[in-house]
Each structure stands twice: as structure tokens, then as C-alpha cells.
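Here's the structure we're looking at; comments come further down.
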Amino acid sequence: MKDIRRTTVKEILADPAKYAGSEVDVKGWVRTRRGNKNVQFVALNDGSTINCLQLVFDLSKFSEESLKPVTTGSSIHVQGKLVESQGKGQSVEVQADELQIYGTADPAEYPLQKKGCSMEFLRGIAHLRPRTNTFGAVLRIRHALAFAIHKFFNDKGFYYFHTPLITESDCEGAGAMFQVTTLPLENLPRTEEGKVNYCEDFFGGPASLTVSGQLEGELGATALGCIYTFGPTFRAENSNTPRHLSEFWMIEPEMSFYEIEDNMDLAEEFIKYCIKYALEHCADDIQFLNDHFDKGLIDRLKFVVDSEFVRLPYTEGVRILEQSGKKFEFPVYWGVDLASEHERFLVEEHFKRPVILTDYPKEIKAFYMKLNEDGKTVRAMDVLFPQIGEIIGGSQREENYEVLKSRMEEIGMADIPWYMDTRKFGTVPHSGFGLGFERLVLFVTGMQNIRDVIPFPRYPKNCEF
Ligand code: 4AD
Ligand code: MG
């Protein structure tokens with residue numbers, strides 16, 4: 040092999056004129072090999088882009104024997120001249136001079152032969168599925184969205200605030216937490232009354248994986264002004280749906296001096312920014328997903344970017360649902376926690392665009408939401424999306440010490456002294472929301488199941504890989 044700097048397929052295809060006529064050095068995995076007795080064509084993919092680079096092997100230069108290990112899934116290193124392609128389907132190709140095999144992939148064993156594997160099958164080989172076109176596209180889009188999120192908030196002067204993953208508090212009050220303990224489960228230490236003696240546990244008390252970074256996020260916002268978190272979140276709910284994971288990533292901005300309207304404005308701007316960023320920076324990957332899975336994807340993304348979200352109080356939403364004459368699986372009445380079918384009816388059939396539903400009954404929302412003057416509803420806001428349902432949940436926060444304290448007592452919550460101190464010392468109006476990262480990736484990729492937009496999904500009875 041000659042001493043040539045390696046070039047990625049993405050670099051070459053982004054500017055073929057720059058490399059045409061010169062020797063290039065490429066490394067990657069073989070997607071396909073085909074050809075005849077005189078010439079063999081290899082499609083090389085190195086993960087940098089969905090597109091493959093065509094390598095041409097002249098059989099007067101390479102023996103058939105030497106090309107035998109070059110099968111789908113094998114990894115190779117090739118040097119050769121980049122030239123304009125004679126054939127259809129690509130603008131340039133590499134006339135191979137040198138070939139090095141890194142690793143073979145026995146065709147009798149390698150599970151990713153050709154196309155047509157089902158998503159269920161691929162979930163069973165999650166360690167290899169990033170090598171497929173589909174997952175490559177999804178994972179590159181996922182990266183771009185994560186980058187866009189940091190860029191959006193950084194450009195706005197928000198600070199990235201790291202909240203703990205191990206915690207003592209159940210922010211959402213749903214009780215769906217994974218316990219963290221080093222106590223021996225087979226032989227638990229007991230108190231005199233026979234209860235588990237948590238004094239002997241690692242943290243000296245019961246601890247769990249966090250369901251949300253919000254409570255600590257509020258501590259950050261009431262000091263730094265505007266912050267956001269972006270980290271893993273854990274929920275031990277037994278939800279086997281295409282929208283739920285047991286481990287997912289959440290972005291939680293929290294802003295001092297923001298009222299509910301400012302919160303809605305930010306959420307709408309934020310989500311449009313992310314979608315637009317993906318459309319601009321992931322055009323090839325989104326086009327691939329549009330062509331192969333979901334012909335309406337690009338139109339839907341552009342539509343959401345250009346549409347103004349509907350803003351509607353919960354009470355109005357329930358009235359529309361009641362008067363729709365539609366038979367829902369779950370009943371609709373004031374006070375009910377809306378099901379995904381209700382949310383999707385409002386978005387997909389009634390308004391035909393995203394909806395921000397506000398002012399929910401306090402009983403179905405978390406303790407920290409600001410009470411409205413009616414004493415019955417809270418300043419909550421859920422952003423509802425086509426295909427997805429709830430993509431964002433947020434609210435203005437109750438900043439009044441007495442009101443918050445009595446609300447917590449009303450629902451029998453234990454005091455959280457450090458949280459209450461934000462209301463005791465220099466309290467301010469503030470708001471925030473949580474975006475489920477995988478639900479955003481689901482929307483932007485048009486995939487059907489949330490388990491297919493995270494590299495290694497966690498869901499009930501599955502923790503492999
Ligand atoms: O509505 P949620 O439960 O709100 C909170 O956790 C607040 N503390 C957020 C805040 O105000 N800072 O969750 C927020 C979002 C949901 O709208 C949804 O997109 C996503 O997180 N989400 C899930 N995503 C995947 N799997 C699950 N099990 C999810 N549960 C919630
Ligand atoms: Mg919610």
C-alpha cells in the first residue's frame with residue numbers, strides 16, 4: 040500500500056472534482072459485489088454517508104481468487120485512481136490498484152444479506168443493524184438532531200446543565216422508577232420493625248434512576264437564567280407501545296421569567312428549528328427514508344416547519360372530541376387523561392396540524408404546575424404531533440411557596456426541602472418543558488417504532504446488547 044491519506048466516501052462524493060484524476064485511499068465495508076469475467080464492481084460503504092462508492096476491479100490486474108473474500112459485509116482497504124464513471128448510478132468510481140482485506144464475512148453466516156429484512160428481525164441483531172442503510176440513515180439523523188439541539192440553545196444563550204441520573208425524588212409522581220441499590224436482594228438487612236433497612240444501602244436511603252432532570256433543572260434556571268438538560272431518563276412503566284422506551288433521552292429547557300406563552304413560543308420555535316436543521320443537513324438520509332418507507336415524509340416535515348401550531352385549552356379540546364361523533368376506544372369526558380387516539384384525532388383529523396393543548400385539570404398533571412385562577416386547571420402545555428401524539432410536555436411552574444406546599448400536601452407528597460428553597464428565596468415566575476428525543480427522531484425519520492430510532496433500545500423484558 041502506498042502512503043496516501045485516507046478519504047471518506049462522504050468527502051469524495053461531496054466534491055468529486057477535487058479528487059478526480061488522483062489516487063485515493065478508501066476503507067469500509069462491502070455492500071455488494073457483482074460483475075463478469077472481465078470486471079467486478081464493489082459498492083463500498085464506510086458509514087460517513089448513505090451513498091456507496093463504486094470500486095472497479097479489472098480482472099486482468101486482480102485474480103478471481105484474490106477477490107473471493109470480498110463479499111457483503113467484509114471490510115477492505117483500497118487504493119486507486121478516482122475517475123469519472125462510465126456506468127449509470129454514480130458520477131465517479133475508483134479504478135482499484137491495491138486491495139487489502141481487513142476482515143471477511145462468511146456469506147453462509149453473515150445475517151445482513153441483501154435487502155428485505157424486517158424491523159423485528161433487525162431488532163434481534165441490534166449489534167449489526169447500524170450497518171444497514173436504514174439504520175445508518177436513522178443514526179446519522181439522530182446525531183444531527185442532537186447537534187442541532189445543542190446549537191439552538193447555545194445560540195440563544197442557554198447553559199447546558201447536567202442533572203443527576205441517580206436521585207431520591209420522583210419528579211413526575213408516577214412511581215415508575217427503577218430502584219438503585221447495592222443491598223443483597225437475597226438477604227436484605229431489616230430494621231427492628233421488619234422493614235428494609237436502607238441505612239445500610241449505598242446512599243443511606245432509597246434511590247432510583249431519574250425520570251426527569253426537571254427539579255434540579257429548576258435549581259439551575261433560578262441561578263443561571265436559562266438552562267437546558269439533555270440526558271438519559273428512565274421509566275419503569277410496563278408500556279409495550281411503539282412510542283415508549285424504558286430508557287430514553289430527554290431535553291428539558293427551564294427558563295426563569297418565562298410565562299406559559301413564552302414557553303409555548305420557545306417550544307414551537309425549537310421543534311421547527313430541529314426539523315429544518317435535519318431537512319438541510321440530512322437531505323440524502325431523509326430522501327432515502329422517504330423513498331423506501333414513507334412517501335409522505337418530506338412533505339410532512341416541510342408542512343410542520345411552515346405551519347402555525349394551534350393553541351387550545353384542554354376544555355375546548357375535550358368539547359371538540361365529544362362533539363366529533365367519532366367512536367373512540369377510550370371514553371372522553373372532562374377530567375380524563377387523553378389517550379393517544381384522542382390526541383391524534385385533534386391533530387390529524389380535526390386541525391390537521393400540530394396542536395399545543397393547555398390548561399389541563401390539575402388532577403392529571405404533576406404537582407409542580409402553576410395553578411390557574413379557576414383553582415381546577417394548571418398551566419400545562421402538551422405539544423401534540425401527527426403520527427406521534429405527545430412529543431413535548433411542559434408547564435409554567437408554581438412559584439408561590441404556600442400554593443405549592445398545599446398542593447403537595449393535598450396529594451400526599453413528602454416535602455422536598457431543597458426544591459422548596461427555590462420558592463423560599465428569591466422565587467421567580469419560570470417555565471420549562473421536556474422533549475422526548477426519540478419521539479422527535481421518530482417524527483423526523485418517519486419510522487414506525489421508537490425501538491428503531493435508538494441504537495440499543497430498552498423495553499420490558501429486553502436489556503440485551
Ligand atoms: O410529559 P413528561 O413526563 O414530562 C416531564 O418529564 C417533565 N418533567 C418535562 C418538563 O417539563 N421539564 O415527558 C416529557 C416528554 C414526553 O412529552 C415524551 O415526548 C417523552 O418525554 N416521553 C417518553 N419518550 C419515550 N418513552 C417514554 N416512556 C416516554 N415518556 C415520556
Ligand atoms: Mg406528559
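40 is the number of the first residue of the sequence shown in my numbering; add one for each residue after it. Using N, Cα and C, we set each Cβ at its ideal position, and we do this for glycine too. None of the values given here were measured: they were computed from a predicted structure.
Segment limits, alpha helix (DSSP H) that includes residue i
i      : result
Tyr58  : Pro55 to Tyr58
Thr461 : Pro456 to Lys463
Gly112 : That residue, Gly112, is in no alpha helix (DSSP H); it is neither H nor E in DSSP.
Tyr372 : Run containing Tyr372: none; DSSP gives neither H nor E here.
Lys444 : Tyr440 to Glu449
Gly256 : Gln253 to Leu263
His189 : Asn172 to Asp194
Gly163 : Met158 to Gly163
Arg383 : Ser379 to Arg383
Leu106 : Glu103 to Leu106
Straight-line Cα distance separating residue j from residue i
i      : j      : result
Asp460 : Gly374 : 31 angstroms
Leu479 : Tyr312 : 12 angstroms
Tyr237 : Ser208 : 15 angstroms
Gly243 : His201 : 23 angstroms
Leu20  : Gly155 : Here the chain comprises residues numbered 40 to 504, so residue 20 is not present and cannot be evaluated.
Phe332 : Val344 : 21 angstroms
Thr88  : Phe197 : 31 angstroms
Lys315 : Gly485 : 15 angstroms
Asn501 : Pro494 : 13 angstroms
Val133 : Asp42  : 17 angstroms
Lys100 : Lys76  : 12 angstroms
Ala82  : Leu360 : 53 angstroms
Glu276 : Gly214 : 9 angstroms
Arg350 : Val235 : 48 angstroms
Ile290 : Phe476 : 7 angstroms
Ser61  : Gln152 : 33 angstroms
Arg179 : Asp324 : 8 angstroms
Lys16  : Phe217 : With the chain covering only 40 through 504, there is no way to say anything about residue 16.
Glu300 : Val386 : 20 angstroms
Asp136 : Arg170 : 26 angstroms
Met303 : Leu396 : 10 angstroms
Asn84  : Pro499 : 34 angstroms
Leu336 : Gly451 : 46 angstroms
Gln79  : Pro55  : 22 angstroms
Arg181 : Trp288 : 11 angstroms
Glu368 : Glu380 : 8 angstroms
Gln435 : Glu308 : 17 angstroms
Leu340 : Lys391 : 13 angstroms
Beta-ladder partner(s) of residue i, from DSSP
i      : result
Asn277 : Beta-bridge pairing links Asn277 to no other residue.
Met303 : Note: Met303 sits in no beta bridge, so no partner.
Ala135 : Gly119
Ala419 : Ser434
Asp323 : According to DSSP, which records beta bridges pairwise, Asp323 is partnered with nothing at all.
Gly142 : Ser114
Gln218 : Ser247
Thr268 : Glu291
Asp97  : Val78
Ile205 : Leu248
Arg45  : Asp64
Met408 : Arg436
Arg358 : Arg358 pairs with nothing; no bridge assigned.
Terminal residues of the beta strand (DSSP E) in which residue i lies
i      : result
Asp338 : No beta strand (DSSP E) holds Asp338; the alpha helix (DSSP H) holding it covers Leu336 to Asp345.
Thr286 : A small fix is needed here, since residue 286 is Glu in this sequence, not Thr. Glu286 -> beta strand (DSSP E) spans Glu286 to Ser295.
Phe80  : Val78 to Asn84
Thr397 : Val394 to Pro400
Gly364 : No beta strand (DSSP E) contains Gly364, which DSSP labels as neither H nor E.
Ser470 : His469 to Gly475
Pro352 : Val349 to Pro352
Val63  : Glu62 to Gly74
Inter-residue CB distance, residue i and residue j (contact presumed, cutoff 8 angstroms)
i      : j      : result
Asn488 : Pro281 : 4 angstroms
Gly264 : Ser295 : 5 angstroms
Phe504 : His166 : 5 angstroms
His469 : Glu293 : 7 angstroms
Asp194 : Leu222 : At roughly 46 angstroms, the Cβ-Cβ gap does not stay under 8 angstroms, so Asp194 and Leu222 are not in contact.
Ala419 : Tyr399 : 4 angstroms
Val109 : Val69  : 6 angstroms
Val467 : Glu438 : 6 angstroms
Query raised in the report: Okay, do the segment 252-259 and the segment 413-432 touch, 3+ Cβ pairs below 8 angstroms being the bar?
Result: Because the criterion of three Cβ pairs below 8 angstroms is not met, the segment 252-259 and the segment 413-432 do not touch.
Query raised in the report: Below 8 angstroms, can you find three or more Cβ-Cβ pairs linking the segment 178-186 to the segment 143-152?
Result: Result no; under three Cβ-Cβ pairs closer than 8 angstroms.
**Report entry** Contact between the segment 168-183 and the segment 406-426 (3+ Cβ pairs under 8 angstroms)
**Finding:** In the pairwise beta carbon analysis, the segment 168-183 is classified as not touching the segment 406-426: fewer than three pairs are separated by under 8 angstroms.
Report task. Please determine if the segment 108-122 and the segment 62-70 are in contact, where contact requires at least 3 C-beta pairs separated by less than 8 angstroms. Result -> The segment 108-122 is in contact with the segment 62-70.
Query - Cβ contact (3+ pairs, closer than 8 angstroms) linking the segment 122-140 and the segment 446-466 - result: The segment 122-140 vs the segment 446-466: no contact.
**Report entry** the segment 438-447 in contact with the segment 391-411 per 3-pair CB rule at 8 angstroms
**Finding:** A contact is defined here as three or more CB-CB pairs under 8 angstroms, and the segment 438-447 meets this definition with respect to the segment 391-411.
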